[in-house]
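Right, one structure below, let's go through it.
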Amino acid sequence: QAALTQPSSLSAKVGDTIRITCSGGSSSSDYGWFQQKVPGSAPVTVIYYNNNRPSDIPSRFSGSRSGTTGTLTITGVQAEDEAVYFCGSYEGSSSSGY
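According to UniProt numbering, the stretch in the sequence shown is residues 1 to 98, in order.
Here it is in structure tokens:
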């Protein structure tokens, strides 16, 4: 599977809306998004299957896919959202992992 590409860094102020893109998948790829606040710690899933949000993740996090690009949107960024965000993709059946 090809490597995925994201922006190297983004800056925002509290209250801004930011969009992080992830490209490099195929037309059949689905995307997930992960948040890592502390280096070396386990990442937290914020979006899975392109646009699904776990119940404990705030509604300001949303995801979408257009063609071969996945996008994570944070609407109304909060200070606690400062983190490393990374994407993963998978293809095929729902039993496939990232």
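In this text, a Cβ means the ideal position worked out from N, Cα and C, and glycines have one as well.
Between Gly88 and the set Val46, Ile74, Asp56, the nearest pair of CA atoms involves Val46. Runs of the beta strand (DSSP E) lying entirely within the UniProt domain "Ig-like" (1 to 98) and spanning at least 3 residues, in chain order: 17 to 23, 30 to 36, 44 to 47, 61 to 66, 69 to 75, 84 to 90. The alpha carbon of Ser26 has as its nearest neighbour, out of Tyr85, Gly76, Gly15, Gly67, the alpha carbon of Gly67. In terms of Cα proximity to Tyr90, the closest of Ala12, Ser11, Ser28 is Ser28. Of the candidates Tyr49, Ile57, Pro43, the residue whose Cα lies closest to the Cα of Arg65 is Tyr49.
Note that the C-beta distance between Gln35 and Ile20 is not below 8 Å.
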